[in-house]
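Asker: Numbering (my numbering), first residue to last: -6 to 218.
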Amino acid sequence: MQRFLIVSLAALMPVAAAAKDDDARQTGVYVRAGAGVAFGETLDQDLSYNPAASFLTAPATMKMSDLGEGFAIAGAIGFQYAKTRTELEYRRMEMSVEGVAYSGGAAPSAPVVNDDLVAQALMSNVYFDLVNSSAFTPYVGFGVGGARIENELAERDAVFAYQGRAGVEAALGGRFSVGVEYAYFRTLDVKYGPKEFDPAGPVGPRTDGDPFVSSTVMGTLRALF
């Protein structure tokens, strides 16, 4: 990941130097697109069952999902001010499920539907741009919103999400800029299955536990109108 950042910044330097503009920073509506790689953290989750149910073999009580790398894409519309930006962003991340391990009992018999874990999010972001006299503009930002997480069993949960990011953009001349950024994305605890159990209700399992956490490195293209 560090090599990716260094190579990306090196590629931007000659382009940005040629596009340097000493005019005051422009303001207005912009659109932004991004694509890159995503890395997921391991999910450790608890499994629970309907107390009224009986089992011939004790079922598993723990589930560990090992997430690998995948891709991330994003699109946003926002407004650029003199030193800040605000935007509404859609982000999609797909990362491979490298393995799922159950413990504490027999594994559920539910079939695996997906090879990937898919996270889709709608985020409201704020950026603080470190405007200077060069063509490069470093920035930091954060955002809050909601995400829908779908696991390998096609189970889905909608949760609150937040993210932080840092990056640098290079002016291309006119109203276009390219950049590279790192983003840390996290949700509240992801839960699947029935919210409550009753004697006549489903057996389960109900899955409770870790939040979904990912890191992404993305290249970006932004156009100001």
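Backbone N, C-alpha and C fix where the C-beta goes; we use that ideal spot for every residue, glycine too. Quick caveat: nothing in here was measured; it's all calculated off a predicted structure.
Please work out which residues of its chain come closer than 6 Å, Cβ to Cβ, to arginine 199, disregarding the five sequence neighbours upstream and downstream, and give them in chain order.
Answerer: If we look at arginine 199 and ignore the five residues flanking it on each side, its Cβ neighbours are Ser41, Gly186 and Pro187.
Asker: At the level of alpha carbons, what is the spacing between methionine 211 and glycine 134?
Answerer: Their backbone Cα atoms lie some 14 Å apart in a straight line.
Asker: Since glutamate 87 contacts alanine 69 with CB under 8 Å, what's their CB separation in whole angstroms?
Answerer: Not really, about 19 Å apart at Cβ, beyond 8 Å.
Asker: Could you tell me how far apart the beta carbons of phenylalanine 64 and alanine 31 are, in whole angstroms, since I believe they sit closer than 8 Å?
Answerer: Confirmed, about 6 Å.
Asker: With DSSP collapsed to three states, give me the class of aspartate 203.
Answerer: Of the three classes helix, strand and coil, the one that applies to aspartate 203 here is coil, per DSSP.
Asker: Whose CA, out of Asn43, Glu34 and Asp109, lies closest to the CA of tyrosine 177?
Answerer: Answer by Cα proximity: Glu34.
Asker: Starting from glutamine 156, trace the beta strand (DSSP E) both ways and give me its first and last residue.
Answerer: That run of the beta strand (DSSP E) goes 149 to 166.
Asker: Expressed to the nearest angstrom, what Euclidean distance is found between the alpha-carbon atoms of glutamate 223 and alanine 159?
Answerer: Lying before the first or after the last residue shown, residue 223 is absent from the chain, which here runs from -6 to 218.
Asker: What do you reckon, are the CB atoms on serine 89 and methionine 55 nearer than 9 Å?
Answerer: No; because the gap between Cβ atoms is not below 9 Å, this pair is not in contact.
Asker: Could you check which residue in Pro192, Gly202 and Val124 has the C-alpha nearest to that of serine 47?
Answerer: Measuring from the Cα of serine 47, the nearest candidate turns out to be Pro192.
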